[in-house]
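Which chain is which? The protein sequence lines are A and B, in order.
Oh and the first sequence: position 133 is 133 in the working numbering, straight run, nothing missing.
Numbering-wise, the working numbering comes out as the position in the second sequence, counting from 1, plus 411.
Worksheet: the structure to be examined is printed underneath.
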Amino acid sequence: MVHHRRCQCRCFSGLLAAALLLIMVPASPAAEPPWEAVLQQARGQTVNWFMWGGSPAVNAYVNGYVAARVKELYGIDLQQGPVKDIAEVVGKLVIEKQAGKHTGGHVDLMWINGENFRTCKKNGLLFGPFAERLPNQRYVDWGRPSVYNDFGEPVEGLESPWGSAQVVMIYDQARISDPPRSVGALLEWIRRHPGRFAYPAPPDFTGSVFVRHVFYHLSEDIGRWQGSFRRSELVATAERTYQVLRELAPHLWRGGSTYPESPVRMNTLFADGEIDFAFSYHQAEASRQILDGLFPETVRTYVFDEGTIANTHFVAIPFNAADSAGAMVVANFLLSPEAQLKKADPDVWGDFPAIDPGRLPPEWQARFRDLPRGPATLSDAELQSHQLPEPPSEILIHLEKGWEQHVLKER
Amino acid sequence: MRALGTRLLAPAILVAVGLPFATLGVWSLAERWFFPDLWPQAWGLRAWRYVFATAGGQVAAALVQSVAVATATSLVSVVVALPAARALGLYDFRGKDTISVLLTLPVIVPPLSVAMGLHLWFIRLGLAETFVGVVAVHLTFCLPYAVFVLWGVFSNYNPDFESQARSLGASQLRVWRQVMLPMVMPGLIVAGLFAFLLSWSQYLSTLIIGGGRLTTLPVLLFALMGSGDRPVAAAVSIVFVLPAFVALLFSARHLGGQSLAGVR
Chain A
1 MVHHRRCQCR CFSGLLAAAL LLIMVPASPA AEPPWEAVLQ QARGQTVNWF
51 MWGGSPAVNA YVNGYVAARV KELYGIDLQQ GPVKDIAEVV GKLVIEKQAG
101 KHTGGHVDLM WINGENFRTC KKNGLLFGPF AERLPNQRYV DWGRPSVYND
151 FGEPVEGLES PWGSAQVVMI YDQARISDPP RSVGALLEWI RRHPGRFAYP
201 APPDFTGSVF VRHVFYHLSE DIGRWQGSFR RSELVATAER TYQVLRELAP
251 HLWRGGSTYP ESPVRMNTLF ADGEIDFAFS YHQAEASRQI LDGLFPETVR
301 TYVFDEGTIA NTHFVAIPFN AADSAGAMVV ANFLLSPEAQ LKKADPDVWG
351 DFPAIDPGRL PPEWQARFRD LPRGPATLSD AELQSHQLPE PPSEILIHLE
401 KGWEQHVLKE R
Chain B
412 MRALGTRLLA PAILVAVGLP FATLGVWSLA ERWFFPDLWP QAWGLRAWRY
462 VFATAGGQVA AALVQSVAVA TATSLVSVVV ALPAARALGL YDFRGKDTIS
512 VLLTLPVIVP PLSVAMGLHL WFIRLGLAET FVGVVAVHLT FCLPYAVFVL
562 WGVFSNYNPD FESQARSLGA SQLRVWRQVM LPMVMPGLIV AGLFAFLLSW
612 SQYLSTLIIG GGRLTTLPVL LFALMGSGDR PVAAAVSIVF VLPAFVALLF
662 SARHLGGQSL AGVR
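Printed below as a string of structure tokens:
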């Protein structure tokens, strides 16, 4: 049964890729209004964009730069709705759907990916498919597995990519001169330096990606998790992962009796010198923290020789959005070379492009190449040559639940 | 001995209450502050620039929104609670116990359940994402407190004063204005203050019923708290605390008045 469903998913993504190719080459969607009409409709609309509001850098980029540019170019008023967790907004949409509020919804755009996207897609909470209608979609490489699949869930045009994330390890070269360059070496390092490493407790996202790295480390061939695998293989490798993490626990910060509750807390422990490593889903987070004075200037990042896990984050439009035309125009602007370049500037945010700079005109390619990278950020080449795909959500959830049962409770 | 104790009391309270705020102040001005240093390594105005310049519009709008919601909630609470508390404090009637249990319900039930349960109905009634809706959901938490405070005041209230005034020829309106109101005023102000502060710090119910259309200060603050950017969080916290503090100061001279016997 499970096998059958997975097979369907892959067929879907194949179909999707084919459909995208068809639409992108001749560019003549039949029933939908042309882009010019969307632009006209969007003028004068107010787009309420809900997102995690925890990063002053992101808030400044959205409220300052993006809001000013979409006003100037398209006459759209952009209002940011900062929330603690976008799941709060997803919950609100579920209730609105139940209450039969099918039009005039206040939320026009959401910053989303992974589990929240799955929830929205399963409950029919999304407008679209719209992604393939955006002209700037031509800069996106939809052939990449991390773009056409959002954590194993086919995107199917229901969300538009905004940026990409990849795990990097963070250390202070004033403290550690030669950091362990593979997951195996890191595990060994932790055993030899008790109390100097911590990872946030899953289901925190950053904590859970550490568990996935250990899971990959113990898998003979990680490619099999993307294709068809037997459940028994998953269970066996997961068991070994829990065993390794259980044995590791006494060597962790505070003897593994407690885990930091968030990456923010882990960063604080790292900045305060209580632990020697942090890790982040954002390639430029360490540089950002140095700029903000939250990390010392000797902090650097690196990726494992075998690679680190990477994924894409998206924007999506709710089913009942009052200003969906405006939201599409904003989503399209977010993919423009101009907006993606600004976002990649470490002084602004330092988030990595969702578009493939190789598809841009030469002068834009040069601008992306010449971006200042910040003291702790690795080069694009170094990062992109060390990327591992996310496993499907099924594996992710299996590992998160298993970690709680077999590592946290049996400590 | 006693004199010394009395003289030390004020500074002790000042330190106990003031120190956490002083830390907030230092954090908001810290550019770099790593353990184990007792004092920031570098100072700067980055956090305050963020609050006033970058997010200035958002913060100002949220401040206005918060003041409006909290003021409206506190006024409605007091106006509704006054007659209710008077009846509960002065008269005995059937079902009084039931009423007092019902009154505590919104306080006992977790705010999340109250707000989620009301959300569906508020959408159907057209109250979701409106100012009135947010004030209404705040009232479910603030009104019981206001009633309980004033109930205490009225259980110590002697209605004979009103009879005296009436026997001297005062009209009903004059009795209320010149006898009852002055006597319960301190309690009224405390009840209003409680309602104001409770409404001021509501996060979840504002977010659910306001649906992001009403962005109050707690909504902004909580979103920023998760960032781990302590200087910015500290600066926003100060902006959040100050108006509540001003409200407290404004009503401070009415706290501890003798008609408050019932509030203890």
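The beta-carbon is built from N, C-alpha and C at its ideal position, and this holds for glycine as well.
Simplified DSSP state of residue i, which is helix, strand or coil
i        : result
GLU306/A : coil
ASN311/A : strand
THR301/A : strand
GLY223/A : helix
TRP454/B : strand
ILE395/A : helix
GLY64/A  : helix
PHE50/A  : strand
PRO200/A : coil
TRP587/B : helix
TRP403/A : helix
LEU126/A : strand
ALA316/A : strand
Residues of its chain near residue i, where Cβ-Cβ distance is below 7 angstroms and the 5 sequence neighbours each way are ignored
i        : result
GLY436/A : Residue numbering for chain A in the displayed model covers 1 to 411; residue 436/A lies beyond these limits and cannot be assessed.
PHE504/B : none
TYR502/B : none
LEU615/B : PRO522, LEU523, ALA526
LEU452/B : The question names Leu, yet the displayed sequence has Gln at residue 452/B. Answer for GLN452/B: ARG443, TRP444, PHE445, listed in chain order.
SER610/B : VAL480, ALA481, THR484, SER485, HIS549, CYS553
PRO203/A : GLU400
LEU234/A : ILE395, HIS398
LEU134/A : SER160, MET328, ALA331, ASN332, LEU335
THR551/B : PRO517, VAL525
Pair within 8 angstroms by beta-carbon distance, residue i and residue j
i        : j        : result
ASN332/A : ALA466/B : no
VAL491/B : LEU554/B : yes
LEU628/B : ALA473/B : yes
GLY623/B : GLY81/A  : yes
GLN98/A  : LEU635/B : no
LEU538/B : ALA526/B : no
TRP49/A  : ILE86/A  : no
LEU604/B : SER662/B : yes
TRP454/B : LEU440/B : yes
ALA310/A : VAL299/A : no
GLN166/A : THR308/A : yes
ALA496/B : VAL558/B : yes
THR312/A : LEU378/A : no
ALA576/B : VAL590/B : yes
LEU93/A  : VAL83/A  : no
Inter-residue Cα distance where the pair is residue i and residue j
i        : j        : result
GLN45/A  : SER648/B : 33 angstroms
VAL47/A  : ASP77/A  : 6 angstroms
PRO392/A : ARG230/A : 14 angstroms
THR412/A : VAL601/B : Outside the shown range of chain A (1 to 411) lies residue 412/A, about which nothing can therefore be said.
PRO521/B : VAL90/A  : 21 angstroms
GLY163/A : LEU660/B : 48 angstroms
LEU109/A : PRO494/B : 46 angstroms
VAL244/A : HIS251/A : 12 angstroms
VAL303/A : TRP142/A : 25 angstroms
LEU758/B : TYR568/B : The requested residue 758/B does not occur in the structure, where chain B is confined to residues 412 to 675.
ALA57/A  : GLN283/A : 15 angstroms
ILE355/A : GLU382/A : 18 angstroms
PHE314/A : LEU158/A : 10 angstroms
ARG175/A : VAL652/B : 39 angstroms
ALA385/B : GLN41/A  : Nothing can be reported for residue 385/B: it is not among the residues displayed for chain B, which extend from 412 to 675.
Cβ shell of residue i (< 6 angstroms), same chain only, five flanking positions each side left out
i        : result
GLY207/A : TYR199, PRO200, ALA201
ALA646/B : SER439, ALA458, TRP459, VAL462
SER28/A  : For SER28/A, the predicted structure reports a pLDDT of 44, less than 50, and the residue's modelled location is therefore unreliable. The matter cannot be settled from this model.
Distance cut-off 7 angstroms: residue i Cβ against heavy atoms of the ligand PLP
i        : result
GLY374/A : Within the structure as shown, the ligand PLP is missing, as the structure has no ligands at all.
CB contact check: residue i to chain D, cutoff 8 angstroms
i        : result
ARG460/B : Protein chains in the displayed structure are A and B, and chain D is not among them.
Same chain, Cβ closer than 8 angstroms to residue i, five either side skipped, listed in chain order
i        : result
LYS101/A : ASN320
Discussion item. Tell me which residues of the segment 106–122 of chain A have at least one Cβ-Cβ distance to chain B shorter than 9 angstroms, keeping chain order.
Written reply: Interface annotation for the segment 106–122 of chain A against chain B: HIS106, VAL107, criterion Cβ-Cβ distance under 9 angstroms.
Worksheet entry | Under 8 angstroms (Cβ pairs) to chain B, residues found in the segment 39–64 of chain A | Residues ASN48, PHE50, TRP52, GLY53, GLY54, SER55, PRO56, ASN59, ALA60, ASN63, GLY64.
Fill in: Near-chain A residues of the segment 598–632 of chain B - C-beta to any C-beta below 9 angstroms
Of all residues in the segment 598–632 of chain B, TYR614, LEU615, LEU618, ILE619, GLY622, GLY623, ARG624, THR626, VAL630, LEU631 have a Cβ within less than 9 angstroms of some Cβ in chain A.
Item to complete: Residues of the segment 84–102 of chain A with a CB closer than 9 angstroms to any CB of chain B: list them in chain order, please.
Response: The segment 84–102 of chain A vs chain B, Cβ under 9 angstroms: LYS84, ASP85, GLU88, VAL89, GLY91, LYS92, ILE95, GLU96, GLN98, ALA99, GLY100, LYS101.
Item to complete: Taking only beta carbons into account, state which residues of the segment 365–386 of chain A come closer than 9 angstroms to chain B, listed in chain order.
Response: Of all residues in the segment 365–386 of chain A, none has a Cβ within less than 9 angstroms of some Cβ in chain B.
Discussion item. By the 9 angstroms beta-carbon criterion, what residues does the segment 462–481 of chain B contribute toward chain A?
Written reply: Listed by position, the residues of the segment 462–481 of chain B near chain A (Cβ gap below 9 angstroms) are THR465, ALA466, GLY468, GLN469.
Worksheet item: Going along the chain, which residues of the segment 257–280 of chain A sit with their C-beta nearer than 7 angstroms to a C-beta in chain B?
Response: Cβ contacts with chain B: VAL264, ASN267, THR268, ALA271, ASP272, GLY273.
Worksheet entry | Interface positions of the segment 578–592 of chain B facing chain A (Cβ-Cβ less than 8 angstroms), listed along the chain | Of all residues in the segment 578–592 of chain B, none has a Cβ within less than 8 angstroms of some Cβ in chain A.
Worksheet entry | Contacting positions in the segment 292–310 of chain A - beta carbon closer than 8 angstroms to chain B | Residues of the segment 292–310 of chain A with a C-beta less than 8 angstroms from any C-beta of chain B: ASP292, GLY293, LEU294, PRO296, listed in chain order.
Practice prompt. Check distances from the C-beta atoms of the segment 188–212 of chain A to those of chain B and list, in chain order, the residues that come in under 7 angstroms.
Written response: Listed in sequence order: no entries.
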